[in-house]
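The numbering of the sequence shown is my numbering, which starts it at 1323 and goes up by one.
Glycine included, every Cβ here is placed at the ideal spot set by N, Cα and C.
Here the structure is laid out as structure tokens; the discussion comes afterwards.
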Amino acid sequence: MVSAGLQMLGIALAVIGWIGVIVVCILPMWLVTAFIGQNIVTAQTTWEGIWMSCVVQSTGQMQCKVYDSMLALSSDLQAARALCIISILVGVVGIMLAAAGGKCTNCIEDERAKAKVGIISGAIFIVSGILCLIPVCWTANTIIRDFYNPLTVSAQKKELGASLFIGWAASALLIIGGSLLCANCPPQDQYTTKYTARPGGTKGFTYCLINLHCLAAERQTLTLYWLAPASVSLSTEPAF
């Protein structure tokens, strides 16, 4: 059974990863497009997220606009929206179960039940990390594929945004933290071997000793019978 410190480490890593998923979902930095015209004054950078897009001018001015329609988004960003929200909600459930199954809490009195709740919370954190990892990897694959596509115009090529790197780190923390919580095995019953050794208990042991004593006495009687002289046997016969 893991120690309380290792369990707390798993919970801390999972919570940090869950916060990272929230940051990934909010930041509009999934896709970055850098376009520099002939004049350096016209240089601008475009950030695209799952909720809005922002344009940063060379002067430092930034303008953001929320997407008017969800259908206008690409398929990977639409999936990223749904999966990130589900990942956050699943993480909330995992945090609640981890708090209930923690060794430093008294929400559950039974140690075995508390350990099982901790294992379930670890599995939920792993699922939350996978749900965040899927859209991040999907979007990164789309960006890299379009970047090396010769048919794509250079001005329309995008690069990996900071949100993708944060998403990879958050997914790793969730999976590692969940794995540490899954290592929290239920405590073994200390009296299991006492009640499963022999149904008879001490009575069966006494019975066994009596049988051994009787068997030894019987063998001794047979030995004396066969070793007795013939005169003793004849003298015991009735006289006519």
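query = Okay, do the stretch 1400-1418 and the stretch 1382-1390 touch, 3+ Cβ pairs below 8 Å being the bar?
reply = Short answer: they don't touch.
inquiry  = Less than 8 Å between C-beta atoms, sequence neighbours within five positions excluded: which residues of the same chain meet that for Ala1402?
reply    = Locating residue 1402 in the sequence shown gives position 80, counting from the first residue. Cβ contact annotation for Ala1402 (same chain, cutoff 8 Å, sequence separation greater than five): Trp1352, Ile1372, Pro1457, Val1458, Trp1460 and Thr1461, in chain order.
task = Provide the residue span of the alpha helix (DSSP H) that contains Lys1479, from first to last.
result = Sequence index remark: in the sequence shown, residue 1479 carries index 157 (1-based). Per DSSP, Lys1479 belongs to no alpha helix (DSSP H) and is neither H nor E.
inquiry  = If you reduce the DSSP assignment to three classes, tell me which class Thr1514 lands in.
reply    = Walking along the sequence shown from the start, residue 1514 turns up at place 192. Legend: pLDDT at Thr1514 = 49, less than 50; position of this residue unreliable, value from coordinates given subsequently. Note: Thr1514 maps to helix in three-state DSSP.
inquiry  = What would DSSP say about Trp1570, mapped onto helix, strand or coil?
reply    = Since the displayed the chain opens at 1323 and closes at 1562, residue 1570 lies outside it and no answer follows.
task = Classify Gln1418 as helix, strand or coil using the three-state DSSP reduction.
result = Residue mapping note: residue 1418 aligns to position 96 of the sequence shown, counting from 1. According to the sequence provided, residue 1418 is Met. The question's Gln does not apply to it. Helix at Met1418.
query = Which value, in whole angstroms, describes the spacing of the CA atoms of Ile1407 and Met1374?
reply = To locate residue 1407, count along the sequence shown from 1; it is residue 85. To locate residue 1374, count along the sequence shown from 1; it is residue 52. Straight-line spacing of the CA atoms in Ile1407 and Met1374 works out to 16 Å.
ask   = Hey, Ile1441 and Cys1504 are a contact pair by Cβ (cut 8 Å); roughly how many whole angstroms apart?
value = For the purposes of this step, residue 1441 is taken as the residue at position 119 of the sequence shown. For the purposes of this step, residue 1504 is taken as the residue at position 182 of the sequence shown. With 8 Å as the limit, Ile1441 and Cys1504 qualify as a contact, their Cβ atoms being about 5 Å apart.
key: Boundaries of the alpha helix (DSSP H) in which Gln1329 is found, first to last residue   = Within the sequence shown, numbered from 1, the residue matching residue 1329 stands at position 7. First-last of the alpha helix (DSSP H) with Gln1329: Ala1326 to Ile1348.
key: Asn1471 burial status per 10 Å Cβ neighbour count (16 or more: buried)   = By 1-based counting over the sequence shown, the position of residue 1471 is 149. Per the 10 Å Cβ criterion, exposed.
key: Segment limits, beta strand (DSSP E) that includes Lys1387   = In the sequence shown, counting from the first residue as 1, residue 1387 sits at position 65. For Lys1387, the enclosing beta strand (DSSP E) has its first and last residue at Met1384 to Val1388.
inquiry  = According to DSSP, is Thr1427 part of a helix, a strand, or is it coil?
reply    = Stepping through the sequence shown from its first residue, residue 1427 is reached at position 105. Thr1427 falls in the coil class under three-state DSSP.
query = Starting from Val1439 and walking both ways along the alpha helix (DSSP H), at which residues does that stretch end?
reply = For the purposes of this step, residue 1439 is taken as residue 117 along the sequence shown, with counting starting at 1. From DSSP, the alpha helix (DSSP H) with Val1439 extends over Glu1433 to Phe1469.
key: Residues that Ser1375 bridges to, as DSSP identifies them   = Position 53 of the sequence shown holds residue 1375. Residue pairing of Ser1375 in beta bridges, as defined by DSSP: Glu1370 and Lys1387.
Cross-strand partners of Thr1564 (DSSP beta bridge) = The chain is shown only over 1323 to 1562; residue 1564 falls outside these bounds and no answer can be derived.
inquiry  = Am I right that Gly1424 and Gln1329 are in contact with their C-beta atoms under 8 Å? What's the rounded C-beta distance?
reply    = By one-based count along the sequence shown, residue 1424 stands at place 102. By one-based count along the sequence shown, residue 1329 stands at place 7. Gly1424 to Gln1329, Cβ: 7 Å. Contact.
inquiry  = Considering only their Cβ atoms, is the gap separating Val1377 from Thr1483 smaller than 8 Å?
reply    = Against the sequence shown, residue 1483 aligns to sequence position 161. Against the sequence shown, residue 1377 aligns to sequence position 55. Reading the sequence as shown, one finds Gly at residue 1483 and not Thr. In this structure, Gly1483 lies away from Val1377, with their beta-carbon atoms at least 8 Å apart.
message = Rounding to the nearest angstrom, what Cα-Cα distance links Ile1466 and Glu1481 in this structure?
response = As a position in the sequence shown, residue 1466 is number 144, starting the count at 1. As a position in the sequence shown, residue 1481 is number 159, starting the count at 1. About 8 Å.
Of the listed residues Leu1473, Gln1478, Gly1342 and Gly1444, nearest to Ala1421 (C-alpha basis) = As a working note, residue 1421 is residue 99 in the sequence shown. Per the Cα distances, Gly1444.
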